[in-house]
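Residue numbers (our numbering), protein chains in the order written: chain A, 704 to 1036; chain B, 30 to 327.
These notes concern the structure reproduced below.
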Amino acid sequence: MTTAPLDKVMPLGKTRLSHTAIFWIGFGAVMAVLIVAPLYLPEFWRRFLTEILIWGLLAMSSDLLIGFTGMVSFGHSAFFGLGMYGAAGALLAISPPNLWLAILFGLAGAAGAALFVAYFSTRLRDIYFAITTLIFSQIFYVIIFTWTSATGGENGLIFTRPHLYIPFIYDARFNSTTMHWFVLAVVTASYLILRRVTQSPFGMVLQSIRENEPRTRAIGYRVERYKMMSVMLSGLFAGLAGVLYAVQNEFAAPNFVYFLTSGDTVIFNVIGGIGTLVGPIVGAGFFQLARELLSRFFGDQFPYLIPLGIVFIVMIIFLPQGLLGFARRWLNR
Amino acid sequence: MDAVGHFFQAIPIDLIIIQTINGIVTGMILALIASGLTLIFGILDVVNFAHGELFMLGAYVGVIIITATGSFWLALIGSALVLAILGAALQIVTLRPLIGRDPLNTILATFGVSLVLQNYALWQFGPVSRKISEPMSSHFTLFYLEYPWYRIVIALLSAAIIGGFWLFLKYSRFGVWIRATAQDRVMAQAMGIPVPLVYTGVFAIGAAMAAASGVLFAPLTGVDASMGLDWVLKAFIVVVVGGMGNLGGSIAAAIFISLLESYAAIWLDPSQAVIVSFVVLILTLLFRPTGLFVSTPR
């Protein structure tokens, strides 16, 4: 039995907080800032922060695939869009409009899309997976764009926000502050669930697929099933982001189902740091903030995607682990 | 018997012949794009997301040269050369540092390139599509249509470029290098073939082929900054259906899918006819995931 010098294992005289304690203290601090922020921010930036959280949720859902299962999805716009249209359908068809039914319908829509995409594209690996997810998302785009009677075609659907309704406790119109808190609650819950999932035995299998798929199969795991599960799970959270976006902006539009949304999702992931779950939210914040500042500085017509695209390429070459990549192991422990 | 007779009478023979020709013409353009894409994939192991943007930029460069000189054929050659140089530069700057990394990195990098190029084109040339006239105005009569000869010329020229490229692969020294690298890059390197140069050259050739098809296609619908994505998606479908990295397969698949789409356009709205190629893709993935036109499933 080898023994390390005692003071290296357990430093004497200094009390050190455990990793868990530091994590939750940091978590609490960030949460406190995000809860208090809308009370001090002006209206525009309040909405801006809420949207960053929604985009962050979309990117985080995609991180489950990119960072943990090792599959890059270029089709997340389909799940996001189906969530959006599902919510819109529920809000328009059922009166009085109900927030929770909107979420349910949105999730059902996203789950349907995710089942379809997962069934076909998980037969393929790596780049083939990326391409087929892209093509499948375009199928949904074409359907939504051309099926004018149900989806409003190019014009999309417009509706009014439901009440924030919690049975027996609370029932009032959304204002931008309660909207922010609601979104924050959903995103935080999603983060905690996803974090739990990635640390569970199921998540370990996903990571082992990322590291070595043939070996995972040889050990006896049904790789295809795990992949389908991860695509479905990822699609559900992307759909949730779509529902939130629809409720926040009171519309569903076909250009959110278009490929560019999926592209943005991938960019958020790479900039923020894949495999960290919080990184994509940071990436979304960085991207949206840079976009806002660039267009304020150089005018609305400024092609902000040129400098941001160059930043993206440079990051892939020189900093592929992203802004939060240095903390990846620590965050996932 | 009567019902059968009615059924055959209901098929518009003239429309089918016209759509067959249309399908072959777009199929040849698609084949030209897809063969560059599949070549880059076969040699570099890179799925080039920016391929549609190279096609689009090639068309724009063609438009610029035509307005400057007035010669379509000069534009065709000039645009291919300009895009070959641009392609080589892009490969050296963005893809060479990624050799040996996870292939997913290269998809992301080419995706970034496509984003930059597309937004550059939008910013430089504006959202209004540019029209150029067909280089030859003669027509021939096809049933009730005045069918432009130019479309036939497109198909023939595309076939000639692909054929020339095949001869180049088969007989030139550089072509032999390319095939050797495709077979076994480590061995090729050991035999003294400059593999990094082959990579750059292959990317440049692929870009030039995309540019040539862009210029050929430009007179048909006009040029705008968003045309790249439509075509690269079609080319991706073709490449998957034809079998990744398989040149003959992607040419066959390009014509097959374009024919199906143009037949579907007889009965459907053109924007819905796209669904046909999606269905072909899904069926291929279900039953022959390695590609329809691959002789032995790997």
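Note that beta-carbon positions come from the ideal geometry of N, C-alpha and C, so glycine has one too.
What you are looking at is a predicted structure, and each value in this text was computed from that prediction instead of being measured.
- For a cut-off of 8 Å, the C-beta gap from residue 805/A to residue 973/A is around 31 Å, too long to register as a contact.
- Taking C-beta atoms as the reference points, residue 825/A and residue 909/A fail to come closer than 8 Å.
- Burial check for residue 89/B: the Cβ neighbour count within 10 Å reaches 16 or more, so the residue is buried.
- The alpha-carbon of residue 271/B is positioned some 7 Å away from that of residue 281/B.
- Residue 760/A places its beta carbon 8 Å or farther from that of residue 802/A.
- Interface flag for residue 1002/A against chain B is unset, since no Cβ pair is found closer than 8 Å.
- Taking 8 Å as the threshold, the shortest C-beta distance from residue 829/A to chain B falls below it.
- Taking a contact as a CB-CB distance under 8 Å, the pair residue 786/A and residue 1027/A does not count as one, their CB atoms being some 26 Å apart.
- In chain order, 1020 make up the part of chain A whose C-beta sits under 7 Å from the C-beta of residue 126/B.
- Counting along the chain, residue 98/B sits inside the alpha helix (DSSP H) bounded by residues 80–98.
- Beta-bridge pairing by DSSP links residue 159/B to 252/B.
- It is roughly 13 Å from the alpha-carbon of residue 273/B to the alpha-carbon of residue 829/A.
- Under the 8 Å criterion on CB atoms, residue 926/A is classed as non-interfacial with respect to chain B.
- Taking 8 Å as the CB threshold, residue 138/B lines the interface with chain A.
- In terms of CA proximity to residue 191/B, 65/B leads the group 224/B, 222/B, 92/B, 65/B.
- Taking a beta-carbon distance threshold of 8 Å, residue 260/B does not count as an interface residue toward chain A.
- In chain A, no part has a C-beta under 9 Å from the C-beta of residue 299/B; the shortest such distance is about 10 Å.
- Along the stretch 827–854 of chain A, going in chain order, the ones with a CB nearer than 9 Å to a CB of chain B are 827, 829, 830, 831, 833, 834, 835, 837, 838, 839, 841, 842, 845, 846, 848, 849.
- If you draw a straight line from the Cα of residue 815/A to the Cα of residue 137/B, it comes to about 27 Å.
- Secondary structure of residue 953/A (DSSP, three-state): coil.
- At a cut-off of 8 Å between beta-carbon atoms, residue 83/B makes no contact with chain A.
- For the stretch 795–821 of chain A, no residue has a beta-carbon sitting nearer than 9 Å to a beta-carbon of chain B.
- With a threshold of 8 Å between beta carbons, residue 962/A makes contact with chain B.
- Interface residue (Cβ-Cβ distance to chain B less than 8 Å): residue 1016/A is classified as such.
- DSSP places residue 198/B within a helical segment (H, G or I) once states are collapsed to three.
- Two segments are said to touch when three or more pairs of C-beta atoms, one from each, lie closer than 8 Å; by this definition the stretch 102–109 of chain B does not touch the stretch 282–289 of chain B.
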